[in-house]
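S.K.:
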Amino acid sequence: MTEADRRHVLCCALECLLFAGGGPVPLRKLAAALQCSEEETESLLAQLQLDYRSRGLMVQQVAGGYQLCTRPEYAEYVTRLVAAQPEPLSRAALETLAVVAYRQPVTRAEVEAVRGARSDHHLRRLLERNLIREVGRKPGPGAPILYGTTEVFLRHFGLRDLSDLPPLEGRRVQDMLGTRAAGESEER
Amino acid sequence: MTEADRRHVLCCALECLLFAGGGPVPLRKLAAALQCSEEETESLLAQLQLDYRSRGLMVQQVAGGYQLCTRPEYAEYVTRLVAAQPEPLSRAALETLAVVAYRQPVTRAEVEAVRGARSDHHLRRLLERNLIREVGRKPGPGAPILYGTTEVFLRHFGLRDLSDLPPLEGRRVQDMLGTRAAGESEER
Amino acid sequence: MSDGRSPIVRVAGFEGPVQELVRRAHAGEVDLREVDLSSMVRSYLDALGPEVDLEEATEFLWAAAVLVELKSKLLLPPKPSPPEAVGEEEAADLEERLRQRVEEYRVFREAAEALAALEAVQRRVFTRPPDEASAGELPLVGLTAEDLFAAFRRVLERSEQRVEEVPPEGVTVADRMQAILATLASSPQGVLFEDLFEPASPRIVIIVTFLALLELVRRRRVRVAQTEPFGPIRLYAGGRDG
Chain A
205 MTEADRRHVL CCALECLLFA GGGPVPLRKL AAALQCSEEE TESLLAQLQL
255 DYRSRGLMVQ QVAGGYQLCT RPEYAEYVTR LVAAQPEPLS RAALETLAVV
305 AYRQPVTRAE VEAVRGARSD HHLRRLLERN LIREVGRKPG PGAPILYGTT
355 EVFLRHFGLR DLSDLPPLEG RRVQDMLGTR AAGESEER
Chain B
205 MTEADRRHVL CCALECLLFA GGGPVPLRKL AAALQCSEEE TESLLAQLQL
255 DYRSRGLMVQ QVAGGYQLCT RPEYAEYVTR LVAAQPEPLS RAALETLAVV
305 AYRQPVTRAE VEAVRGARSD HHLRRLLERN LIREVGRKPG PGAPILYGTT
355 EVFLRHFGLR DLSDLPPLEG RRVQDMLGTR AAGESEER
Chain C
31 MSDGRSPIVR VAGFEGPVQE LVRRAHAGEV DLREVDLSSM VRSYLDALGP
81 EVDLEEATEF LWAAAVLVEL KSKLLLPPKP SPPEAVGEEE AADLEERLRQ
131 RVEEYRVFRE AAEALAALEA VQRRVFTRPP DEASAGELPL VGLTAEDLFA
181 AFRRVLERSE QRVEEVPPEG VTVADRMQAI LATLASSPQG VLFEDLFEPA
231 SPRIVIIVTF LALLELVRRR RVRVAQTEPF GPIRLYAGGR DG
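Chains as they are written, first to last, in the working numbering: chain A, 205 to 392; chain B, 205 to 392; chain C, 31 to 272.
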């Protein structure tokens with residue numbers, strides 16, 4: 205088998221893996237299933253993405269992995285066949301979510317201090333939609349609940365990970381706002 | 205737009221439909237979503253099948269219609285990927301799931317009344333694992349969230365369809381299991 | 031965002047597209063407290079011809095609302111801070127605190143707008159839903175879930191008479207799994223599906239037993255077989271050795 209043939213087989217296999225995986229599949233798992241290095245898997249992913257240029261599907265890097273999805277330009281066809289996606293979030297809910305996303309872990313009181321508005325209703329809705337979750341309790345009086353974002357959050361916005369959050373004014377909002385200590389670097 | 209371009213767009217759209225459709229999609233539905241005739245849809249399917257010759261996926265015609273699937277020659281790769289099974293549910297989570305499954309739609313309070321134990325944590329874990337979902341709100345004070353099972357649940361337990369269960373003497377199993385009062389007949 | 035046709039406004043210290051004014055106000059380059067918003071609105075309305083560009087008017091209205099909100103935030107005292115934030119506040123002067131608060135809020139509002147844009151794209155993207163093909167993980171040999179449920183229903187019918195189900199202490203899926211495995215281990219010839227369920231059990235116990243059985247099947251600890259269509263369902267331990 206020539207090297208080109210080998211690459212082609214792996215590329216087809218990769219397509220199968222992404223298809224069968226359903227949701228986002230981590231690079232590590234893809235490489236293990238292909239039995240090749242993560243570097244080569246990345247190069248195969250790039251190849252596949254290229255092959256997909258003129259197709260209906262595309263590879264998306266989201267929530268810590270890779271997934272197949274339909275290209276946005278064909279959305280109208282798809283919505284004629286399957287139920288539309290869930291309702292978009294309201295502006296207030298998005299604001300609340302933004303504070304949680306960039307400030308996590310964060311308490312309700314901290315969210316409300318930033319927004320200058322009551323946010324318990326929005327937090328509850330976001331919890332229900334599984335976009336945020338309780339991640340622990342803040343030490344101190346009352347031990348208020350700390351909130352953070354979920355994998356569903358990353359998928360909802362098509363984000364690779366938290367560092368993929370949109371930067372603001374050329375800087376990462378996170379850096380600008382970061383009150384997090386250097387020790388808390390369990391960032392992915 | 206030339207005829208060739210039009211065909212190409214439709215072919216990409218068809219790929220999206222088969223992909224997002226999940227299972228087999230009847231020709232009639234494909235044609236309706238593409239807004240073209242069934243004859244043309246068939247010819248587009250043939251075109252797509254041709255385009256797929258050297259790919260990992262293929263179009264399969266099954267009883268209910270057409271579906272995308274992985275080519276059998278790549279089965280070993282896919283098997284390696286899915287072999288890593290998700291961790292089993294905790295016993296408390298399974299209990300909670302049992303109550304939701306057989307009592308749906310059901311509120312957290314109802315689940316807890318049956319289990320005799322707090323269940324919010326388990327409900328959240330089940331939500332995260334996509335085994336249950338919100339299905340609405342119960343009318344009345346506080347309008348508590350109603351939970352039901354998902355497709356992932358069906359898949360997890362190898363069930364085809366919960367609501368497809370044959371009625372038992374005109375009633376569904378879930379009615380039989382329900383201890384819901386006569387007033388609470390918000391049957392769907 | 032809207033690069034199209036932002037209405038031009040003229041106020042003290044600024045002349046240009048209204049969106050630019052909003053941006054500068056956000057950035058603190060224009061002191062809104064010095065800007066007469068009501069005259070800005072009036073002159074815009076005066077300049078409106080008979081043909082109103084609805085999109086442009088909407089954009090102006092939106093921008094004006096943002097400016098009014100922003101200005102009110104600068105002029106009005108802040109809401110009392112929630113309890114836990116109080117102690118953390120430095121004894122800065124009111125204006126500085128206000129400024130920080132508006133700035134902080136502005137940053138998050140822009141972040142929310144960016145997220146809304148991402149959401150809009152992602153809503154047009156569809157992933158593959160779980161389908162029946164991948165349900166093949168579950169080795170239900172020659173059996174559909176309906177067969178199992180039909181059997182389950184028979185069991186339930188027998189138990190239907192009981193009025194209330196008090197959740198019995200200690201009935202867990204794990205316990206029932208152990209019990210099923212123990213029963214099957216002592217019956218190499220297999221056990222009838224129905225025999226797993228004690229008809230006098232509360233329904234919740236039957237349900238939990240049933241779930242336990244499904245879980246065992248999923249884990250391939252139990253094999254399910256039926257020798258003929260609609261025939262009795264037999265359960266066997268293991269499932270790999272036969």
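We treat Cβ as the ideally placed atom computed from N, Cα and C, and that holds for glycine.
#1: Determine, for Leu179 (chain A), whether the minimum Cβ-Cβ distance to residues of chain C falls below 9 angstroms.
#2: Quick one, which of A:Arg295, A:Asn334 and A:Val263 has its alpha-carbon nearest Glu355 (chain A)'s?
#3: Is the beta carbon of Pro159 (chain C) sitting closer than 9 angstroms to the one on Gly226 (chain B)?
#4: Of all the CB atoms in chain B, is at least one closer than 9 angstroms to the CB of Ala209 (chain C)?
#5: Report yes or no: is there a C-beta of chain A within less than 9 angstroms of the C-beta of Leu248 (chain B)?
#6: Do Glu244 (chain A) and Ala235 (chain A) count as a contact pair if the criterion is CB distance below 9 angstroms?
#7: What in chain B is Cβ-close to Cys220 (chain A), meaning under 8 angstroms?
#8: Can you tell which of B:Lys342, B:Gly344 and B:Leu327 has its C-alpha closest to the C-alpha of Ile336 (chain B)?
#9: Quick check on this structure: which residue in C:Gly43, C:Leu51, C:Phe240 and C:Arg248 has the alpha carbon closest to the alpha carbon of Leu100 (chain C)?
#10: Since Arg312 (chain A) is in the alpha helix (DSSP H), which residue starts that stretch and which ends it?
#11: What I want to know is whether the C-beta of Thr274 (chain B) ends up closer than 8 angstroms to one or more non-hydrogen atoms of the ligand ATP.
#12: Leu234 (chain B) touches chain F at which residues, Cβ-Cβ below 8 angstroms?
#13: So Cys215 (chain A) is in the alpha helix (DSSP H); what residue range does that whole segment cover?
#14: Answer yes or no: do Ala305 (chain B) and Thr202 (chain C) have a C-beta to C-beta separation smaller than 9 angstroms?
#15: Which value, in whole angstroms, describes the spacing of the CA atoms of Gly346 (chain A) and Glu332 (chain A)?
#16: I need the straight-line Cα distance from Thr274 (chain A) to Ile349 (chain B), nearest angstrom please.
#17: Checking contacts by CB at 9 angstroms: is His326 (chain A) closer than that to chain C?
#18: With a cut-off of 8 angstroms, do at least 3 Cβ pairs link the segment 353 to 369 of chain A to the segment 267 to 284 of chain A?
#19: Just grab the DSSP bridge partners of Glu338 (chain B) for me.
#20: Which class does Arg253 (chain C) belong to by DSSP, given the choice of helix, strand or coil?
#21: Step through the CB atoms of chain C and report whether any lies within less than 9 angstroms of the CB of Leu301 (chain A).
#22: Could you tell me which of A:Gln253, A:Leu285, A:Val339 and A:Glu246 sits nearest to Arg307 (chain A), measuring between CA atoms?
#23: What's the C-alpha gap between Arg393 (chain A) and His212 (chain A)?
#24: The beta strand (DSSP E) with Arg259 (chain B) in it runs from where to where?
#25: Counting contacts by CB-CB distance shorter than 9 angstroms, is Val393 (chain A) in contact with chain B?
#26: Taking a Cβ distance cut-off of 9 angstroms, strictly less, list which residues of the segment 309 to 335 of chain B are near chain C, in chain order.
#27: With 9 angstroms set as the bound, which would you pick, yes or no: does the beta-carbon of Gln191 (chain C) sit closer than that to a beta-carbon of chain A?
#28: If we define contact as Cβ-Cβ less than 9 angstroms, is Arg158 (chain C) a contact residue for chain B?
#29: Please report whether the beta-carbon of Gly344 (chain B) lies at a distance below 9 angstroms from any beta-carbon of chain A.
#30: What residues in the segment 353 to 365 of chain A have a beta carbon less than 8 angstroms from any beta carbon of chain B?
#31: Are Ala228 (chain C) and Val235 (chain C) touching if we call contact CB-CB under 9 angstroms?
#32: Taking C-beta pairs closer than 8 angstroms, name the residues in chain C that Tyr306 (chain B) reaches, listed in chain order.
M.R.: Checking against the coordinates, here is how it stands:
#1: Here chain A has residues from 205 to 392 only, and residue 179 (chain A) is not among them.
#2: Here residue 355 (chain A) corresponds to residue number 151 of the first sequence, with the count starting at 1. Comparing Cα positions, the closest option is A:Asn334.
#3: Position 129 of the third sequence, counting from 1, holds the residue named residue 159 (chain C). Position 22 of the second sequence, counting from 1, holds the residue named residue 226 (chain B). Cβ distance < 9 angstroms, so Pro159 (chain C) and Gly226 (chain B) count as in contact.
#4: As a position in the third sequence, residue 209 (chain C) is number 179, starting the count at 1. Not an interface residue.
#5: The count along the second sequence starts at 1 and reaches residue 248 (chain B) at position 44. Not closer than 9 angstroms to any Cβ of chain A, the Cβ of Leu248 (chain B) fails to qualify, so no.
#6: For the purposes of this step, residue 235 (chain A) is identified with residue 31 of the first sequence, where counting begins at 1. For the purposes of this step, residue 244 (chain A) is identified with residue 40 of the first sequence, where counting begins at 1. In this structure, Glu244 (chain A) lies closer than 9 angstroms to Ala235 (chain A) by Cβ.
#7: Here residue 220 (chain A) is taken as the residue at index 16 of the first sequence, counted from 1. Going along chain B in sequence order, the residues near Cys220 (chain A) (Cβ under 8 angstroms) are Gly260, Leu261, Thr274, Arg275, Tyr278, Tyr281 and Val282.
#8: Sequence index remark: in the second sequence, residue 336 (chain B) carries index 132 (1-based). Of the listed residues, the one whose Cα sits closest to Ile336 (chain B) is B:Leu327.
#9: As a first step, residue 100 (chain C) is located in the third sequence; it is residue number 70 there, counting from the start. If we check each option's Cα against that of Leu100 (chain C), C:Leu51 comes out closest.
#10: Looking up residue 312 (chain A) in the first sequence gives position 108. From DSSP, the alpha helix (DSSP H) with Arg312 (chain A) extends over Arg312 to Arg319.
#11: With respect to small molecules bound, the structure shown includes none, and the ligand ATP cannot be examined in it.
#12: Among the protein chains in the structure shown, which are A, B and C, there is no chain F.
#13: Working through the first sequence from its first residue, we reach residue 215 (chain A) at position 11. Looking at the DSSP string, the run of the alpha helix (DSSP H) that includes Cys215 (chain A) is Glu207 to Gly225.
#14: The sequence position of residue 305 (chain B) within the second sequence is 101, counting from 1. The sequence position of residue 202 (chain C) within the third sequence is 172, counting from 1. Taking 9 angstroms as the Cβ cut-off, Ala305 (chain B) and Thr202 (chain C) do not qualify as a contacting pair.
#15: Position 142 of the first sequence, counted from the first residue, corresponds to residue 346 (chain A). Position 128 of the first sequence, counted from the first residue, corresponds to residue 332 (chain A). So the two alpha carbons sit approximately 23 angstroms from each other.
#16: Here residue 274 (chain A) refers to the residue found at position 70 when the first sequence is read from its first residue. Here residue 349 (chain B) refers to the residue found at position 145 when the second sequence is read from its first residue. Between Thr274 (chain A) and Ile349 (chain B), the C-alpha separation is close to 32 angstroms.
#17: Within the first sequence, numbered from 1, the residue matching residue 326 (chain A) stands at position 122. No, its Cβ sits nowhere closer than 9 angstroms to a Cβ of chain C.
#18: yes
#19: As a working mapping, residue 338 (chain B) is identified with position 134 in the second sequence. According to DSSP, which records beta bridges pairwise, Glu338 (chain B) is partnered with B:Tyr351.
#20: Locating residue 253 (chain C) in the third sequence gives position 223, counting from the first residue. Correct three-state label for Arg253 (chain C): strand.
#21: Translated into positions along the first sequence, residue 301 (chain A) becomes position 97. Judged by the 9 angstroms Cβ criterion, Leu301 (chain A) is in contact with chain C.
#22: In the first sequence, the residue the question calls residue 307 (chain A) occupies position 103. Of the listed residues, the one whose Cα sits closest to Arg307 (chain A) is A:Val339.
#23: Any answer about residue 393 (chain A) is impossible in this case: the structure gives chain A only from 205 up to 392.
#24: Residue numbering aside, residue 259 (chain B) sits at position 55 when the second sequence is read from its first letter. Neither: Arg259 (chain B) is in no beta strand (DSSP E) and is coded neither H nor E.
#25: Outside the shown range of chain A, which is 205 to 392, sits residue 393 (chain A), and nothing can be said about it.
#26: Ala317, Val318, Arg319, Gly320, Ala321 and Asn334
#27: Locating residue 191 (chain C) in the third sequence gives position 161, counting from the first residue. Below a pLDDT of 50, predicted positions are generally treated as unreliable, and Gln191 (chain C), at 43, falls in that range; the measurement from the model is reported next regardless. No, Gln191 (chain C) lies away from the interface with chain A (no Cβ there is under 9 angstroms from its Cβ).
#28: The count along the third sequence starts at 1 and reaches residue 158 (chain C) at position 128. Yes - at least one Cβ of chain B is within 9 angstroms of the one on Arg158 (chain C).
#29: The sequence position of residue 344 (chain B) within the second sequence is 140, counting from 1. Chain A contact via Cβ: absent.
#30: Thr354, Glu355 and Val356
#31: As a first step, residue 228 (chain C) must be located in the third sequence, where it is residue number 198. As a first step, residue 235 (chain C) must be located in the third sequence, where it is residue number 205. Reading off the sequence shown, one finds Glu at residue 228 (chain C), where the question assumed Ala. Their beta carbons are under 9 angstroms apart, which means Glu228 (chain C) touches Val235 (chain C) by this criterion.
#32: The residue given as residue 306 (chain B) occupies position 102 in the second sequence. Residues of chain C passing the Cβ test: Ile237.
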